[in-house]
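These protein sequence lines are chains A and B, in that order. For the first sequence, the numbering used here assigns the number 1 to the initial residue and increments by one for each residue that follows. For the second sequence, the numbering used here assigns the number 306 to the initial residue and increments by one for each residue that follows.
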Amino acid sequence: MELVEAIILSVLAASTPLLIAATGELVTERSGVLNLGVEGMMIVGAACGFGGAWLSGSIFIGAVFGIIAGVLMSLVFALMALGLAVNQVATGLALTIFGIGLSGLIGAGFVGERLTPAAHLYIPGLTDIPLIGRVLFGEDAFVYFSIALIIGVWWFLYRTRAGLILRACGDNHVSAHALGYPVLRIRTLAVMFGGACAGLAGAYLPLAYTPFFIPGMTAGRGWIALALVVFASWRPGRLVVGAYLFGAVTILQLHAQGWGVGIPSQFMSALPYLATVIVLVLLSRARTGGSTAPAALGTVFVPDR
Amino acid sequence: MQLVLEKRAERSNTIALVSPLIAIGLTIVTMTILFAILGKNPLLALQAYFIAPLTDGYSLQEIAVKATPLVMIAIGLSLCYLANAWNIGAEGQFLIGAVAGSWIAVKTQGTDAGAWVLPAMLVLAAAAGALYALIPAICKVKFGASEILTSLMLVYVADLLLDYLVRGPWRDPNGFNFPTTAEFDPVATVPLLIEGGRLHLGSIIALLVVAAAAILLGRTIKGFEIRVVGASPRAARFGGFNANQLVILTFAVSGALAGLAGIIEVAGPVGHLQPGISPGYGFTAIIVAFLGRLNPIGILIAGLFLALTFIGGEQAQIAMKIPLDVTKVFQGILLFYVLACDSLILYRFKLVFPNRQVARGAG
């Protein structure tokens, strides 16, 4: 029983950064922008998040630093891809290459330092309930926030007028522009939201997942988050399922060691990446009839005046 | 006040030529500011980065050695990008090539295997790189899976495979437990061009690759097809060109070149297989490809320039304690500026003052 509880807890922890980053990217892509720089924004968020928390002694301030860092990074992307109409794929790659270097530079002074990770909720009575107590009432604030975030995004996209306009920009920017909506401004806001989420997801890693900073600690999670958006067919509900599935695959490698499975650790570590490839193939195959991606995804838009 | 893009009637060829230079200039200005923020004397830092490596023979050889894998990989990537196929996983194809070629070196170690060893290693590495690149290409063509994500995921898989091999089955028993294979035998090593120097045969191979690519793109129907499919998919369909076939072909070629670069690096400058054989060559090559305007000669020049930043970065670290990550920041900023300047080829930037526009509209 305790093992089951431990596994569920670690799956939730491993899934949370994926869920947060993928939620941000979902909104960005729904507005018609493909930002491949998630990994870069995440990794800078991790360095700044750790730095903020280390200097201030507060996990909350660390998280805010991570968010700000992600937003600043996303503004560079917005300036390039939206302001200057540069190819979005290339700009996203540039953002990641730049982010990996910047993160190493910012984080250089923090390598080897430790901090107290984000506290877990404890409600006497409720948290003590066997099995479900710690799973439901004993998580850190990030886990609850990630769930609130995806529900909020679902509500925004499907239940508000602003969400409808955002989706319209993603499906047909020419029509949205003709109707008088400021396509580029809406997309910039969506990109910034994606940046905030990626920065927070990155900050989660040194603030709650492991209490220290190492260069390259995102280890491709930003790219997996991008794949998750495809996996989810750009729908929030399926995103949650996908994020937890991938979290589970990530955790499998850790526990496989403990169970004495005689497979080299490197093969287990390769599982999430291989799973991503397989999932992308299976999903894309199932979707040969027609793509569910926003129709204008990744296309350049320059309004004529 | 607002920045507005105005489409040019036709692409500006002058700017197409000048834009990489503008980009380099802007990057150097930005770096000067960054050095000042880091509390280093910007002039001395720039000197260490860009001038010092050019002043002695050893560094010049080292630049050519570093440029070799960058140019080889970037040539392959440029074919992909010209055909609108996004191979992002060259780093993985590089590593797989290194692993596959090393297999022969490891298996023939200490035997009296003859001169066939090195050629066999090169061929196997290229084949392995091509096959590895074909995974995302086939997934895209057959199933429509994004080649960007699949090729990138395979980088991590290749990295872990290499890690497993050098820590496990291929580890040098006399290596003090370090994760590395034994030094390759002389027959499994890329020969040097200058006795006692660093320059090796790989640099000649890279030059041949540049020449071959220039001929392919400039003088053959296949090269024309690649460019048409990338520039205008619709026109290509009318022309009867098969875009899917070109995705497969360009991915295979770029994978082969990356794999070849991988084994040349391991059997040349490094001398054995170990983790960390690539300081991100596969990713830096993306910058080289764009900075070189996807043109073979441009890529050769861009590869030498990016190699200079690697060597300069090392020198700046030794001389001025400037963190090595500054090189990556530099490369990222350079790519931003290259892309931004490319925007000038198609568009004109205009500053618009909204109130004045309104006034004119009213009048």
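No residue lacks a Cβ here, since even glycine has one placed at the ideal position from N, Cα and C. All figures in this text were calculated on a predicted structure; none of them were measured in a lab.
In three-state terms, what does DSSP make of residue i?
i        : result
Phe619/B : This sequence places Glu at residue 619/B; Phe is not what is there. Note: Glu619/B maps to helix in three-state DSSP.
Phe489/B : coil
Asp417/B : coil
His120/A : strand
Leu611/B : helix
Gln579/B : coil
Tyr273/A : helix
Lys655/B : strand
Phe231/A : helix
Val422/B : helix
Lys412/B : helix
Asp361/B : coil
Val302/A : coil
Arg30/A  : helix
Leu95/A  : helix
Within the same chain, show all residues whose beta-carbon is closer than 6 Å to that of residue i, passing over the 5 residues directly before and after it, in chain order.
i        : result
Leu149/A : Thr23
Met268/A : Gln253 and Ala256
Ala232/A : Arg238, Leu239 and Gly242
Ala452/B : A small correction: the amino acid at residue 452/B is Glu; Ala does not occupy that position in the sequence shown. Trp391, Pro441 and Lys445, listed in sequence order.
Measuring CA to CA, which of the options is closest to residue i?
i        : options                                   : result
Gly62/A  : Leu9/A, Ala293/A and Phe142/A             : Phe142/A
Ser648/B : Val4/A, Leu9/A, Tyr273/A and Gln88/A      : Gln88/A
Gly406/B : Ala372/B, Val492/B and Leu326/B           : Val492/B
Ala293/A : Ala90/A, Ile7/A, Ala14/A and Glu29/A      : Glu29/A
Ile509/B : Met377/B, Gly535/B, Asp464/B and Ala540/B : Met377/B
Val71/A  : Gly104/A, Ala53/A and Leu189/A            : Leu189/A
Ala275/A : Leu375/B, Met458/B and Gln352/B           : Met458/B
Gly434/B : Leu644/B, Ala563/B and Gly544/B           : Ala563/B
Gln398/B : Leu429/B, Ala420/B and Trp421/B           : Leu429/B
Arg221/A : Glu2/A, Ala6/A and Ser15/A                : Ser15/A
Leu375/B : Leu629/B, Ile553/B, Tyr642/B and Ile604/B : Ile604/B
Pro574/B : Pro496/B, Thr360/B and Val634/B           : Pro496/B
Ala227/A : Ser10/A, Glu5/A, Glu25/A and Ile8/A       : Glu25/A
Ile409/B : Lys633/B, Ile568/B, Glu619/B and Tyr642/B : Ile568/B
Suppose the cutoff is 8 Å on Cβ atoms and the five residues either side in sequence are ignored; what does the same chain contact list for residue i look like?
i        : result
Leu308/B : Phe654, Lys655, Leu656 and Val657
Please report the Cβ distance between residue i and residue j, rounded to the nearest whole angstrom; I am assuming they are in contact, meaning their Cβ atoms lie under 8 Å.
i        : j        : result
Val33/A  : Ala81/A  : 7 Å
Cys444/B : Ser559/B : The Cβ separation is near 16 Å, so there is no contact.
Leu578/B : Val571/B : 5 Å
Ser583/B : Leu400/B : 7 Å
Ser31/A  : Arg187/A : 5 Å
Gly99/A  : Met41/A  : 6 Å
Leu93/A  : Gly247/A : No, Leu93/A and Gly247/A are not in contact; Cβ-Cβ is about 26 Å, not under 8 Å.
Leu599/B : Leu387/B : 5 Å
Val302/A : Leu310/B : 5 Å
Whose Cβ in chain E lies nearer than 7 Å to the Cβ of residue i?
i       : result
Ala69/A : In the displayed structure, chain E is absent; the protein chains listed are A and B.
Kindly list the residues whose CB is nearer than 7 Å to the CB of residue i, restricted to its own chain and excluding five residues on each side of it in sequence; keep chain order.
i        : result
Arg316/B : Ile650 and Leu651
Leu609/B : Ile368 and Ala372
Phe529/B : none
Thr218/A : Glu39, Met42, Ile43, Ala46, Gly202 and Leu205
Ala69/A  : Val44, Gly45, Cys48 and Gly199
Thr335/B : Ile638
Val471/B : Pro484, Thr485, Thr486, Leu578, Gln579 and Pro580
Does chain A have any CB closer than 8 Å to the CB of residue i?
i        : result
Leu322/B : no
Gly545/B : no
Thr455/B : yes
Val631/B : yes
Ser317/B : no
Met458/B : yes
Arg665/B : Bear in mind that a pLDDT of 45 at Arg665/B, under 50, signals an unreliable position, so the model cannot answer this.
Cys444/B : yes
Asp647/B : yes
Lys312/B : yes
I'd like to know whether the C-beta of residue i is nearer than 8 Å to at least one C-beta of chain B.
i        : result
Ile100/A : yes
Ile97/A  : yes
Met80/A  : yes
Phe212/A : no
Trp223/A : yes
Val86/A  : yes
Phe301/A : no
Tyr158/A : no
Gln266/A : yes
Gly83/A  : yes
Thr188/A : no
Thr127/A : no
Arg114/A : no
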